[in-house]
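Going by the working numbering, 107 is the number at position 102 of the sequence shown; the sequence numbering is gapless. Everything on this sheet refers to the single structure shown next.
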Amino acid sequence: MDIFSVFALLGGLALFLYGMNVMSSGLEKLAGGKLEHALRKLTANRIVALLLGAGITIAIQSSSALTVMLVGLVNSGILKFQQTIGVLMGSNIGTTLTAWILSLAGIESESFLLNLLKPKNFSPIAALIGVLLIMVSKQPKKKSIGSILVGFAVLMYGMSFMSDSMAPLADSPEFAGILTAFSNPILAVLVGAVFTGIIQSSAASVGVLQALSMTGSITYNMALPIIMGQNIGTCVTAVISSIGVNRNARKVAIVHLAFNIFGTVLCLVPYLILDAVVGFSFAEQPIDPFMIAVVHSIFNIVTTLVLLPFAKQLEKIANRLIPEKEEEKDVLFDERLLTMPAFAVAKAEDAAKQMAVLAQSAVVKAVALLDGYDEKAAAEVEEMETRLDGYEDQIGSYLVKISKLELNNEESGKVTMLLHTIGDLERIGDHAENLMFVAKEIYEKKISFSNEAWDEIKQLNAAIFEILSITIRTFQSGDLQLAAKVEPLEQVIDGLGAAIRGRHINRLRSGNCTIELGFILTDMLVNCERISDHCSNIAVAVIENNRDTFDTHAYLHEVKYGESEQFNADFEKYSEQYALK
């Protein structure tokens with residue numbers, strides 16, 4: 006084996022890893038937000054979580070990526086630590102699929118159909134179809150399928166390069182000398198762990214082992230501990246990812262590592278004892294790629310079945326290794342989620358929904374101050390407004406980062422909608438603070454409205470509370486029928502403001518009101534109208550996101566002047582409901 010064979014080996018490994026990355030990325034895009042929804046909704050049951058972990062790892066072809074994702078989800082507060090244990094166990098089973106696909110390379114037959122099953126033979130067809138889909142198709146889903154096929158073809162060519170470069174090793178006495186070191190199971194475990202830790206992919210390192218086994222130099226006794234070490238090595242990615250996260254997120258990495266170490270001990274020790282006592286006839290026989298896939302699967306399935314009932318004990322081990330100190334707060338966003346756009350978008354949406362509820366609470370509390378000012382409550386409104394500013398800054402920055410990722414149409418539309426919405430929510434907080442200052446002025450100047458004026462203000466406030474409630478529910482649920490009710494109510498609120506101003510002028514002329522009260526009333530009305538305007542903007546953003554366009558003016562013109570029966574019916578309903586007496 007010369008230097009060029011080494012170059013070919015490294016080049017094959019590079020193609021293998023790149024192909025796996027492209028294939029994984031395409032699979033994740035194709036799955037979209039379904040993975041995020043499944044993880045958040047289906048992890049309560051341990052068995053379901055196990056199956057889910059296996060399914061997602063098969064879908065994205067990377068147990069390391071799933072583990073890093075789980076660290077990020079726990080660190081962000083989306084998942085609880087306990088929910089991840091079953092998923093982690095399932096990921097070890099799911100990662101064995103790659104080995105089964107690669108094992109097809111060892112098929113030897115004269116049959117055309119059987120030969121067609123060899124990845125080396127059908128991957129050129131997959132590459133051709135994939136490239137055509139990427140170049141010709143305009144649909145994101147078909148482009149993702151194309152990426153999957155191209156990634157798979159590149160992966161298989163990488164595997165072929167590695168196998169060809171290793172072929173001369175079969176007759177190399179130096180190589181045979183190196184392999185004698187693998188007769189020591191402890192060393193073999195370490196080699197598997199270190200190599201996998203370096204390339205950060207157990208599927209890839211198993212692929213390298215399968216390529217090496219084609220030389221006929223790897224025995225069962227060598228391969229078994231290496232495979233077990235590879236499972237330990239795949240934890241390196243999660244351990245690195247857990248640096249700088251909260252306690253619960255670090256526990257995810259600890260459980261993953263403990264699970265694989267215990268699995269290795271539970272399987273390797275009995276095997277070595279039985280081999281020493283009984284003497285397995287196959288132990289010194291050469292192992293082929295197919296049997297490596299079999300051993301890989303059996304090891305992970307047995308480990309999972311044995312340790313699944315002891316999930317609570319694994320949790321206790323993690324708790325002891327990472328003792329609880331002071332209470333840690335979940336971070337709002339975690340950069341790790343940016344590797345999975347669907348999860349990042351979902352987290353940004355969750356944060357925006359929290360922001361929406363906070364904005365609504367700020368308005369309700371500020372309006373209550375108009376009827377009875379209180380310093381403590383006023384301070385709470387100011388604190389809420391500050392938090393809303395922080396939300397806008399953090400969510401906005403995170404959305405900008407997400408927008409630079411490769412997103413599908415649904416994710417891209419949601420990012421645009423959120424960017425529009427958080428600005429309106431922040432402005433609602435500003436107007437809540439303004440209303441608080443109006444209430445403070447009324448209190449400090451010891452001014453009071455007439456009973457007639459106060460009744461009018463209460464009617465306006467009731468309409469403001471309703472439009473806020475409808476808007477927040479619309480934003481949280483995406484209910485388009487609910488969203489359509491916001492604009493007619495906004496029009497009614499504008500009419501209420503104009504009517505209250507007119508009545509104030511009449512009272513002013515008759516000497517029943519003062520100019521000073523007029524200034525305060527105007528401030529109050531302007532802020533209430535602006536709140537309803539921002540509610541309208543949010544509802545329009547939800548509707549336009551569903552229509553895949555953001556032509557706000559066109560939509561509002563269509564609603565107001567398009568003779569919409571539903572708009573007219575809702576407008577009449579709210580006009581009667583909030584009519585001034």
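All C-beta atoms in this analysis are idealised placements derived from N, C-alpha and C, irrespective of residue type, glycine included.
- Task: Quick one: residues in its chain with C-beta nearer than 7 Å to the C-beta of Tyr591, no 5 flanking neighbours on either side, listed in chain order?
- Result: Residue 591 is absent from the model: the chain starts at 6 and stops at 586.
Inset, instruction - Determine the DSSP secondary structure at Pro346, reduced to helix, strand or coil. - result: helix
Discussion item. Per the DSSP calculation, Pro291 is bridged to which residue(s)?
Written reply: Thr224
> Whose C-beta lies closer than 7 Å to the C-beta of Tyr2 among residues of the same chain, with five residues either side of it excluded?
Replying inline: Given that the chain is displayed from residue 6 to residue 586, the structure contains no residue 2 and the question cannot be resolved.
>> Using a Cβ-Cβ cutoff of less than 7 Å, which residues in the same chain neighbour Phe157 once the five nearest sequence positions on both sides are dropped?
In response: Gly24, Met28, Ser128 and Ala131
message = Assess contact between the region 394 to 401 and the region 422 to 433, defined as three or more Cβ pairs (one per stretch) separated by less than 8 Å. Is contact present?
response = yes
Discussion item. Quick check: the Cα distance between Arg552 and Asp575, rounded to an integer number of angstroms?
Written reply: 22 Å
**Request:** Measure from the alpha carbon of Phe315 to the alpha carbon of each residue in Ala584, Val11 and Ile52, then state which is nearest.
**Result:** Ile52
Secondary structure, alpha helix (DSSP H): runs of 4+ residues fully inside the region 248 to 298:
252 to 282
Burial state of Ala584, where buried means 16 or more other Cβ atoms lie within 10 Å | exposed
Report the residue from Gln582, Val73 and Ile462 whose alpha carbon sits nearest the alpha carbon of His261. Val73
Worksheet item: Since Gly58 contacts Leu14 with CB under 8 Å, what's their CB separation in whole angstroms?
Response: Incorrect: roughly 32 Å between the Cβ atoms, too far for contact.
Requested in this report: Can you tell me which of the three DSSP states Lys147 falls into?
Outcome: helix
### Query
Going along the chain, which residues of its own chain have a beta-carbon closer than 6 Å to the beta-carbon of Lys490, five neighbours each way excluded?
Ile475 and Asp575
May I have the straight-line CA-CA distance separating Lys381 from Pro493, to the nearest angstrom?
36 Å
* Would DSSP call Phe576 helix, strand or coil? -> helix
What residue range does the alpha helix (DSSP H) around Lys599 cover? Residue 599 lies beyond the range of the chain shown here (6 to 586); nothing can be said about it.
Closer than 6 Å by C-beta to Gln399: which residues in its own chain qualify, once you throw out the five before and the five after it? Chain order, please. Leu337
Subject >> Euclidean distance between Cα positions of Thr479 and Val300 >> reply: 52 Å
* **Expected contact under 8 Å - CB spacing of Ser68 and Thr100 to nearest Å** => 4 Å
Buried or exposed, going by whether 16 or more other CB atoms sit within 10 Å of the CB of Gly212? buried
Delimiting residues of the alpha helix (DSSP H) encompassing Lys321 | Ala316 to Leu326
(message) Using C-beta distances below 6 Å, list every residue in its chain close to Ala504, excluding the 5 sequence neighbours before and after it, in chain order.
(response) Leu585
- [ ] Starting from the C-beta of Ile548, find all residues in its chain whose C-beta is less than 8 Å away, skip the five residues before and the five after it, and write them out in chain order.
- [x] Leu485, Ala488, Ala489 and Tyr560
Checklist entry - Looking only at its own chain, which residues have a Cβ that is under 7 Å from the Cβ of Phe264, when we skip the five neighbours before and after it? => result Leu93, Met94, Leu312 and Leu319
For Val199 and Asn236, the rounded distance between their alpha carbons
10 Å
_If contacts are defined as beta-carbon pairs under 8 Å, then Leu75 and Val257 qualify, I think. What distance do you get, rounded to the angstrom?_
5 Å
Notebook entry, point to check: For Glu331, does the three-state DSSP call read helix, strand or coil?
Noted result: In this predicted model, Glu331 has a pLDDT of only 48, less than 50, meaning its place in the structure is not dependable; the value taken from the coordinates is given anyway. DSSP places Glu331 in coil when its eight states are reduced to three.
query = Secondary structure at Thr100, three-state DSSP: helix, strand or coil?
reply = coil
**Q.** Exposure label - Asp379; buried when at least 16 CB within 10 Å
**A.** exposed
Margin query: Less than 8 Å between the beta carbons of Met233 and Gly197, yes or no?
Written below: yes
Open item on the list: Just to confirm the assignment, what range does the alpha helix (DSSP H) spanning Ile245 have?
Closed with: Cys240 to Ser246
inquiry  = Using the three-state DSSP reduction, which class does Ser68 fall into: helix, strand or coil?
reply    = helix
Determine the extent of the alpha helix (DSSP H) in which Gln486 is found, giving its start and end residues.
Leu485 to Ala488
Practice item. With DSSP collapsed to three states, give me the class of Ala131. Key: helix
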